[in-house]
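**Student:** Sharing a structure here in structure tokens format.
2 protein chains.
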Amino acid sequence: MTPRKQSQIAEREAAILEIASDIISREGAHALTMERVLARVDFSKGTLYNHFTCREDLLVAVHAQCFEAHLSYFERGALFRGCPRERFAAAGMGAQIMHELDPRPFQFSLNDTILAVASERWRELFRHYHRETIAVFTGIVRDALARGDLPAGTDPERVTLGVWSLSCGAEDIHESGLLPQRLTAEDFNRLRSQLIETLLDGFGWHPLSSELDYAQARERILREIFPDEARKLGLLR
Amino acid sequence: MTPRKQSQIAEREAAILEIASDIISREGAHALTMERVLARVDFSKGTLYNHFTCREDLLVAVHAQCFEAHLSYFERGALFRGCPRERFAAAGMGAQIMHELDPRPFQFSLNDTILAVASERWRELFRHYHRETIAVFTGIVRDALARGDLPAGTDPERVTLGVWSLSCGAEDIHESGLLPQRLTAEDFNRLRSQLIETLLDGFGWHPLSSELDYAQARERILREIFPDEARKLGLLR
DNA sequence: AAGATAAATGACGGATCGTCATTTTTGACG
DNA sequence: CGTCAAAAATGACGATCCGTCATTTATCTT
Numbered sequence: 161m162t163p164r165k166q167s168q169i170a171e172r173e174a175a176i177l178e179i180a181s182d183i184i185s186r187e188g189a190h191a192l193t194m195e196r197v198l199a200r201v202d203f204s205k206g207t208l209y210n211h212f213t214c215r216e217d218l219l220v221a222v223h224a225q226c227f228e229a230h231l232s233y234f235e236r237g238a239l240f241r242g243c244p245r246e247r248f249a250a251a252g253m254g255a256q257i258m259h260e261l262d263p264r265p266f267q268f269s270l271n272d273t274i275l276a277v278a279s280e281r282w283r284e285l286f287r288h289y290h291r292e293t294i295a296v297f298t299g300i301v302r303d304a305l306a307r308g309d310l311p312a313g314t315d316p317e318r319v320t321l322g323v324w325s326l327s328c329g330a331e332d333i334h335e336s337g338l339l340p341q342r343l344t345a346e347d348f349n350r351l352r353s354q355l356i357e358t359l360l361d362g363f364g365w366h367p368l369s370s371e372l373d374y375a376q377a378r379e380r381i382l383r384e385i386f387p388d389e390a391r392k393l394g395l396l397r
Numbered sequence: 161m162t163p164r165k166q167s168q169i170a171e172r173e174a175a176i177l178e179i180a181s182d183i184i185s186r187e188g189a190h191a192l193t194m195e196r197v198l199a200r201v202d203f204s205k206g207t208l209y210n211h212f213t214c215r216e217d218l219l220v221a222v223h224a225q226c227f228e229a230h231l232s233y234f235e236r237g238a239l240f241r242g243c244p245r246e247r248f249a250a251a252g253m254g255a256q257i258m259h260e261l262d263p264r265p266f267q268f269s270l271n272d273t274i275l276a277v278a279s280e281r282w283r284e285l286f287r288h289y290h291r292e293t294i295a296v297f298t299g300i301v302r303d304a305l306a307r308g309d310l311p312a313g314t315d316p317e318r319v320t321l322g323v324w325s326l327s328c329g330a331e332d333i334h335e336s337g338l339l340p341q342r343l344t345a346e347d348f349n350r351l352r353s354q355l356i357e358t359l360l361d362g363f364g365w366h367p368l369s370s371e372l373d374y375a376q377a378r379e380r381i382l383r384e385i386f387p388d389e390a391r392k393l394g395l396l397r
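One line per chain: the protein sequences are A and B, in this order.
Residues in the first sequence are numbered from 161 upward in steps of one, following the numbering used here.
Residues in the second sequence are numbered from 161 upward in steps of one, following the numbering used here.
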């Protein structure tokens, strides 16, 4: 296979994913159909099915890509020079910043049955990024445990699972439109962050949110880790 | 309309909901199609569409029914004679017991777009039970606030939202099969309960889980509130 | 240039959706 | 009971979407 040809195929794949992602962000996952992708593309159905074995496969691929995009932000946040609890918050802020730069509603959880019918290629990529993401957060929790910031015997995976669940669940509920009062995206993100901090307080992770100046920590994180993005969003300078 | 006729229509509706619920619990919501419901019923498509305007409408109706079924258990738990924190736990146990008696995987959150296309009848019924359920929990939180068990100024709705999010999110993640280790339903329920208790500790809701004998509280709740169900499940006597 | 391999095509059968003109049932009333 | 209007039930229909596969086209090898 000539490189020319290879890159053409890769471009096409990227284009499909871009279109699929656009449809999902505009109208939700249920609106993603192969026919609609085809309508916005200049090659045939058979070629589309060479890249993605079925509708679910494409859905998983979009999710995997989204995970990949988030992961780099999580990792940057985890590099913040501060105590583990600040680093954990910084990693979370990474996702929020990314979301504000490119606001695509996104569920990080995929149904079992959807994953099952997807191709091995995309399913494993999705699982890979999922594991990597969990690992970033769990790594920070382990650091906190090593320093004695968390009670000995705390299961690091349980902390991550709790935060992850809370985050996904809040997203779900927000998207269902069933919240008593309608919140702006910004208010909702603040609420979610506060709930996560409350949960971490519940684990006894020091310094507790009452012992930490969050406004200042947030300022430092933005300045030191996400300066360009923060400026672009008008959060800095 | 003669009563004979009316009850026949009501029976039919119940039958449809039962079949739909069965399909969903066996194969997931994606497997619910009008055609498959029709295949298990002895009347025609047009009649089915007299009861439910579209697939999504039926989905919302099933969810509303499930909410209704849970609500009575939540309410029973809330009547437990104990401190608010115990009552909150008792309400949650109600849902678990019901789930074990009739194990149907269930998401309490419905997509915005699904609710939007459903008929007003079922959508409003769903919203009604949703609000009622939230109100049960939020009522207990208010009682705790009134007694000074929670820090003054705590927003009761935020507590409920946090618990609800955590609960739904954990369910999602469990069903995605992405947990590192595979958990039994029982282990998962225990894990979820513990995460919720941790979150409530984070809110500073006294008595904290460390200050309370949970095994004993659980025993009392089963004995006093859910004696029949607990015995049937072999949790008592 | 010819043959072999890989990629692309789109027509097709099948499932499902939701509609609606038509038929059947029901109930009210003389 | 017979008539007739309203209500309920029917199922054929057009439309959308799925995923396949025999065929055509492009690319590579020698």
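Don't be surprised by glycine CBs; every beta carbon is placed ideally from N, CA and C.
Quick one: does Asn271/A have its CB under 8 Å from some CB of chain B?
**Tutor:** On the first sequence, position 111 is the one that residue 271/A refers to. Closer than 8 Å: yes.
**Student:** Could you please give the first and the last residue of the uninterrupted alpha helix (DSSP H) stretch that includes His190/B?
**Tutor:** Along the second sequence, read from residue 1 onward, the residue named residue 190/B stands at position 30. Looking at the DSSP string, His190/B is not in any alpha helix (DSSP H), and its letter there is neither H nor E.
**Student:** Just confirm the distance between the C-beta atoms of Asp361/A and Ser369/A, as a whole number of angstroms; I'd bet it's less than 8 Å.
**Tutor:** If you number the first sequence from 1, residue 361/A lands on position 201. If you number the first sequence from 1, residue 369/A lands on position 209. Between Ser369/A and Asp361/A the Cβ distance is about 5 Å, and since that is below 8 Å, they are a contact.
**Student:** Using beta carbons (cut-off 8 Å, strictly below), is Ala330/B in contact with chain A?
**Tutor:** If you number the second sequence from 1, residue 330/B lands on position 170. Yes, contact with chain A.
**Student:** Consider the Cβ of Phe363/A: report whether some Cβ of chain B lies at a distance smaller than 8 Å.
**Tutor:** Here the question's residue 363/A lines up with position 203 in the first sequence. Yes, contact with chain B.
**Student:** Could you check the C-alpha separation between Gly364/A and Cys214/B for me, to the nearest Å?
**Tutor:** Residue mapping note: residue 364/A aligns to position 204 of the first sequence, counting from 1. Residue mapping note: residue 214/B aligns to position 54 of the second sequence, counting from 1. Roughly 49 Å separates the two Cα atoms.
**Student:** Using 8 Å for Cβ pairs, my map puts Arg186/A next to Pro244/A. What's the rounded Cβ distance?
**Tutor:** The count along the first sequence starts at 1 and reaches residue 186/A at position 26. The count along the first sequence starts at 1 and reaches residue 244/A at position 84. About 38 Å separates the two Cβ atoms, so there is no contact after all.
**Student:** Please confirm if Leu275/A has its CB atom under 8 Å from at least one CB of chain B.
**Tutor:** Residue 275/A sits at position 115 when you count from the first residue of the first sequence. Yes - at least one Cβ of chain B is within 8 Å of the one on Leu275/A.
**Student:** Mind pulling the chain A residues with CB within less than 8 Å of Ile300/B?
**Tutor:** Taking the first residue of the second sequence as 1, we reach residue 300/B at position 140. Going along chain A, no residue has its Cβ under 8 Å from Ile300/B, so there is no contact; the nearest lies around 17 Å.
**Student:** Please compile the residues from chain B whose C-beta is within a distance smaller than 7 Å of the C-beta of Gly188/A.
**Tutor:** Residue 188/A sits at position 28 when you count from the first residue of the first sequence. Here the neighbours are Asn271, Thr273.
**Student:** Per DSSP, what kind of secondary structure is Gln341/A in: helix, strand or coil?
**Tutor:** The count along the first sequence starts at 1 and reaches residue 341/A at position 181. Gln341/A: coil per DSSP, three-state reduction.
**Student:** Exposed or buried, what is Asp373/B when buried is set at 16 or more other beta-carbons lying within 10 Å of its beta-carbon?
**Tutor:** Position 213 of the second sequence, counting from 1, holds the residue named residue 373/B. Burial call: exposed.
**Student:** Hey, how far is the Cα of Glu357/A from the Cα of Ala345/B?
**Tutor:** Locating residue 357/A in the first sequence gives position 197, counting from the first residue. Locating residue 345/B in the second sequence gives position 185, counting from the first residue. Those two C-alpha atoms are separated by around 28 Å.
**Student:** Are there 16 or more other CB atoms within 10 angstroms of the CB of Gln168/B, so buried, or fewer, so exposed?
**Tutor:** Sequence index remark: in the second sequence, residue 168/B carries index 8 (1-based). When all chains shown are included, Gln168/B counts as exposed.
**Student:** What residue range is occupied by the uninterrupted alpha helix (DSSP H) comprising Phe248/B?
**Tutor:** On the second sequence, residue 248/B is found 88 positions in, with the first residue counted as 1. That run of the alpha helix (DSSP H) goes 244–261.
**Student:** Going straight from the alpha carbon of Ile300/A to that of Ala238/A, what length do you get?
**Tutor:** Here residue 300/A is taken as the residue at index 140 of the first sequence, counted from 1. Here residue 238/A is taken as the residue at index 78 of the first sequence, counted from 1. Their Cα atoms are separated by approximately 7 Å.
**Student:** In angstroms, rounded to a whole number, what distance separates the CA positions of His211/B and Asp303/B?
**Tutor:** Locating residue 211/B in the second sequence gives position 51, counting from the first residue. Locating residue 303/B in the second sequence gives position 143, counting from the first residue. Their Cα atoms are separated by approximately 41 Å.
**Student:** Please list, in chain order, the chain A residues whose beta carbon lies closer than 8 Å to that of Trp324/B.
**Tutor:** If you number the second sequence from 1, residue 324/B lands on position 164. Chain A residues near Trp324/B: Gly329, Ile333.
**Student:** Can you pull the chain B residues whose beta carbon is under 9 Å from the beta carbon of His211/A, in chain order?
**Tutor:** Numbered from its first residue, the first sequence carries residue 211/A at position 51. Near His211/A there are no residues of chain B at all, since even the closest Cβ is about 22 Å away, more than 9 Å.
**Student:** By the DSSP assignment, the alpha helix (DSSP H) with Phe234/B in it spans what residues?
**Tutor:** Residue 234/B sits at position 74 when you count from the first residue of the second sequence. Per DSSP, Phe234/B belongs to the alpha helix (DSSP H) from 215–238.
**Student:** Any beta carbon of chain A sitting closer than 8 Å to that of Thr358/B?
**Tutor:** As a working note, residue 358/B is residue 198 in the second sequence. Yes, its Cβ sits closer than 8 Å to a Cβ of chain A.
**Student:** Kindly indicate if chain B contains any beta-carbon less than 8 Å away from that of Ser336/A.
**Tutor:** Here the question's residue 336/A lines up with position 176 in the first sequence. Closer than 8 Å to some Cβ of chain B, the Cβ of Ser336/A qualifies, so yes.
**Student:** May I ask you to verify whether the segment 191–208 of chain A touches the segment 245–260 of chain A, counting CB pairs closer than 8 Å and requiring at least 3?
**Tutor:** Not touching, per the Cβ criterion.
**Student:** Of the residues Ile385/B, Glu389/B, Arg397/B, which one's Cα is nearest the Cα of Arg236/B?
**Tutor:** Translated into positions along the second sequence, residue 236/B becomes position 76. Nearest C-alpha to Arg236/B: Ile385/B.
**Student:** On the three-state DSSP scale, how would you describe His366/B?
**Tutor:** For the purposes of this step, residue 366/B is taken as residue 206 along the second sequence, with counting starting at 1. Looking at His366/B - three-state DSSP - the assignment turns out to be coil, as it is neither helix nor strand.
**Student:** Taking the alpha carbon of Ala255/B as the reference point, which residue from Trp324/B, Gly188/B, Leu270/B, Arg172/B has its own alpha carbon closest?
**Tutor:** On the second sequence, residue 255/B is found 95 positions in, with the first residue counted as 1. With distances taken between Cα atoms, Ala255/B lies closest to Trp324/B.
**Student:** At the level of alpha carbons, what is the spacing between Ser327/B and His230/B?
**Tutor:** Mapped onto the second sequence, residue 327/B falls at position 167. Mapped onto the second sequence, residue 230/B falls at position 70. C-alpha separation (whole angstroms): 14 Å.
**Student:** Hey, is the segment 280–298 of chain A in contact with the segment 315–324 of chain A, meaning 3+ C-beta pairs nearer than 8 Å?
**Tutor:** Verdict: yes, contact present.
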